[in-house]
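Colleague:
Number of protein chains: 2
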Amino acid sequence: MARSRRAPADRDDYRGLRLPQRTRLTPQRRAVLDLIADREGSFTAIDLFQEARRRRPKLGLATVYRTVDMLRRTGSVRPLVGDARPAYVRCEPGHHHHLVCLSCGAVEETDLCGAPSPAELRRRYGFRAEGHELDIYGTCNRCS
Amino acid sequence: MARSRRAPADRDDYRGLRLPQRTRLTPQRRAVLDLIADREGSFTAIDLFQEARRRRPKLGLATVYRTVDMLRRTGSVRPLVGDARPAYVRCEPGHHHHLVCLSCGAVEETDLCGAPSPAELRRRYGFRAEGHELDIYGTCNRCS
DNA sequence: CGTGAAAGTGAGAATCACTATCATCTGCCC
DNA sequence: GGGCAGATGATAGTGATTCTCACTTTCACG
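Protein sequence lines, in the order shown, are assigned to chains A and B.
Sequential numbering from 2 applies to the first sequence in my numbering.
Sequential numbering from 2 applies to the second sequence in my numbering.
#1: Excluding five sequence neighbours on each side, which residues of the same chain lie with their C-beta closer than 8 angstroms to the C-beta of T27 of chain A?
#2: Compare the C-beta of S145 of chain B against all C-beta atoms of chain A and say whether one is closer than 9 angstroms.
#3: What are the boundary residues of the alpha helix (DSSP H) that includes L122 of chain B?
#4: Grab the span of the alpha helix (DSSP H) containing R54 of chain A for me, first residue to last.
#5: Determine the direct distance from the alpha carbon of E134 of chain B to that of R91 of chain A, and round the result to whole angstroms.
#6: Taking 9 angstroms as the CB-CB cut-off, is Y138 of chain A touching chain B?
#7: Using three-state DSSP, classify R31 of chain B as helix, strand or coil.
#8: State the Cα-Cα distance for the pair S43 of chain B and A130 of chain A, rounded to the nearest angstrom.
#9: Per DSSP, which one or two residues make a beta bridge with C102 of chain B?
#10: If V78 of chain B sits next to V33 of chain B, beta carbons under 8 angstroms apart, how far is it from one beta carbon to the other, in whole angstroms?
#11: Should L100 of chain B be flagged as near chain A, meaning a C-beta pair shorter than 9 angstroms?
#12: Would you decide whether R74 of chain A is buried or exposed? Buried here means 16 or more other CB atoms lie within 10 Å of its CB.
#13: Which same chain residues, not among the five before or five after V69 of chain B, have their C-beta less than 6 angstroms away from its C-beta?
#14: So who's on the other strand from A130 of chain A, going by DSSP bridges?
#15: So with CB distances below 7 angstroms, who are the chain B contacts of R129 of chain A?
#16: Taking a contact to mean a Cβ-Cβ separation below 9 angstroms, would you say P29 of chain A touches L60 of chain A in this structure?
#17: For a cutoff of 9 angstroms on Cβ pairs, would you count Y126 of chain A as touching chain B?
#18: Does the distance from the CB of D112 of chain A to the CB of H98 of chain A come in under 9 angstroms?
#19: Would you tell me roughly how many angstroms separate the C-alpha atoms of P21 of chain A and R125 of chain A, rounded to the nearest one?
#20: Please tell me whether G42 of chain B has its Cβ less than 9 angstroms away from any Cβ of chain A.
#21: Taking Cβ to Cβ, would you say P117 of chain A is nearer than 9 angstroms to C114 of chain B?
#22: Return the first residue and the last residue of the alpha helix (DSSP H) that L72 of chain A is part of.
Right under this line is the structure:
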């Protein structure tokens with residue numbers, strides 16, 4: 002009986018962040034989403050928690066994790082490799098990859114890719130590719 | 002490039018694993034290195050610890066972490082993204098990427114790449130690329 | 001061969017990131 | 001408004017990793 006009451010809350014987007022169906026927009030969630038939407042570069046869950054706490058002292062850590070994980074499921078955010086601390090980056094919808102500055106931590110997106118095609122992987126390895134992740138590390142414009 | 006003389010600890014390679022300068026080859030370290038050298042696919046530090054313990058019951062967990070981290074610094078091993086548990090894969094020297102099977106966890110290497118060239122990244126973004134990481138996720142030959 | 005300094009070790013405590021639990025609260029569709 | 005599915009916060013718990021430190025071992029050099 003989830004059907005009758007479940008009208009499609011057409012709130013699948015908040016400031017460019019994709020949200021799952023039936024997501025309630027609570028003030029807590031909005032606080033975390035705002036921080037992410039305004040964010041340049043990478044961030045950790047703890048970063049968000051500490052910043053959000055300055056405005057909402059009672060905000061729980063679990064709420065931050067729940068919110069980040071929600072965005073991870075919709076693809077609006079994804080974990081970053083190669084960093085010492087577990088960090089995330091915002092992802093615009095669509096296919097793209099990240100240029101991660103090792104000096105200042107800035108993250109830029111690029112649509113340049115050229116990863117091997119699923120067809121070729123299939124042919125050479127019998128491997129059915131479903132997705133891939135590419136992070137390019139180096140020094141950004143400002144730092145070099 | 003050729004090593005002309007015996008330098009202090011002429012031991013920068015053990016079974017294909019690159020070691021830092023001045024690395025002492027202790028039995029504990031050798032036990033962990035052997036496990037990694039023989040390894041197919043990905044592994045976690047805990048995996049190594051449990052296996053190594055069967056032969057050396059007094060081996061400490063910290064030693065496993067120290068050894069894995071040592072290899073990570075030399076590039077002989079690298080952490081894998083996208084997995085629930087923190088896992089590593091062996092890296093052969095040279096350029097290559099990983100095909101990670103989401104079903105059985107097997108990891109295959111491929112030299113197929115096509116990542117954007119440093120020159121193009123420099124031109125378009127002013128970004129000086131130093132390296133990149135590409136993991137392709139999907140289903141391997143055996144599992145599909 | 002010794003030997004000493006530096007490097008490595010094990011055990012356990014500490015830390016860190018994250019998850020589970022649960023009583024309570026609240027946004028949202030009717 | 002009313003009601004309830006979904007959200008929240010506090011806290012305890014978990015699992016991975018790092019730290020600490022007294023002790024041991026390796027190995028270049030004499």
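All C-beta atoms, glycine included, are put in the ideal place defined by N, C-alpha and C.
Modeller: The answer reads as follows:
#1: Indexing the first sequence from 1 puts residue 27 of chain A at position 26. Hits under 8 angstroms: none found.
#2: Along the second sequence, one-based indexing puts residue 145 of chain B at 144. Yes, its Cβ sits closer than 9 angstroms to a Cβ of chain A.
#3: What you label residue 122 of chain B is simply residue 121 of the second sequence in a count that begins at 1. Element bounds for L122 of chain B: 119-126.
#4: Within the first sequence, the letter at position 53 stands for residue 54 of chain A. Element bounds for R54 of chain A: 46-56.
#5: Locating residue 91 of chain A in the first sequence gives position 90, where the first residue counts as 1. Locating residue 134 of chain B in the second sequence gives position 133, where the first residue counts as 1. The straight-line gap from Cα to Cα measures roughly 18 angstroms.
#6: Taking the first residue of the first sequence as position 1, residue 138 of chain A is located at position 137. Yes, because at least one Cβ of chain B sits closer than 9 angstroms to the Cβ of Y138 of chain A.
#7: The residue labelled residue 31 of chain B in the question sits at position 30 within the second sequence. Correct three-state label for R31 of chain B: helix.
#8: Along the second sequence, read from residue 1 onward, the residue named residue 43 of chain B stands at position 42. Along the first sequence, read from residue 1 onward, the residue named residue 130 of chain A stands at position 129. Those two C-alpha atoms are separated by around 18 angstroms.
#9: As a working mapping, residue 102 of chain B is identified with position 101 in the second sequence. Per DSSP, B:G139.
#10: Locating residue 78 of chain B in the second sequence gives position 77, where the first residue counts as 1. Locating residue 33 of chain B in the second sequence gives position 32, where the first residue counts as 1. The Cβ separation is near 11 angstroms, so there is no contact.
#11: Taking the second sequence and counting its residues from 1, one reaches residue 100 of chain B at position 99. Yes, because at least one Cβ of chain A sits closer than 9 angstroms to the Cβ of L100 of chain B.
#12: The sequence position of residue 74 of chain A within the first sequence is 73, counting from 1. By the 10 Å Cβ count, R74 of chain A comes out exposed.
#13: Looking up residue 69 of chain B in the second sequence gives position 68. Once the five neighbours on either side are set aside, the close Cβ partners of V69 of chain B are A46.
#14: Locating residue 130 of chain A in the first sequence gives position 129, counting from the first residue. Answer is B:G139.
#15: For the purposes of this step, residue 129 of chain A is taken as the residue at position 128 of the first sequence. Under the 7 angstroms cutoff, chain B gives G139, T140, S145.
#16: Counting from 1 along the first sequence, the entry for residue 29 of chain A is found at position 28. Counting from 1 along the first sequence, the entry for residue 60 of chain A is found at position 59. A small correction: the amino acid at residue 29 of chain A is Gln; Pro does not occupy that position in the sequence shown. In this structure, L60 of chain A lies closer than 9 angstroms to Q29 of chain A by Cβ.
#17: Along the first sequence, read from residue 1 onward, the residue named residue 126 of chain A stands at position 125. Yes, Y126 of chain A lies at the interface with chain B (some Cβ there is under 9 angstroms from its Cβ).
#18: Along the first sequence, read from residue 1 onward, the residue named residue 112 of chain A stands at position 111. Along the first sequence, read from residue 1 onward, the residue named residue 98 of chain A stands at position 97. Result yes, Cβ atoms of D112 of chain A and H98 of chain A sit closer than 9 angstroms.
#19: The count along the first sequence starts at 1 and reaches residue 21 of chain A at position 20. The count along the first sequence starts at 1 and reaches residue 125 of chain A at position 124. Approximately 37 angstroms between the Cα atoms of the pair.
#20: As a first step, residue 42 of chain B must be located in the second sequence, where it is residue number 41. False, the Cβ-Cβ gap to chain A never drops below 9 angstroms.
#21: Within the first sequence, residue 117 of chain A is the residue found at index 116, counting from 1. Within the second sequence, residue 114 of chain B is the residue found at index 113, counting from 1. Yes, they are a contact pair.
#22: Stepping through the first sequence from its first residue, residue 72 of chain A is reached at position 71. Its alpha helix (DSSP H) spans residues 62-75.
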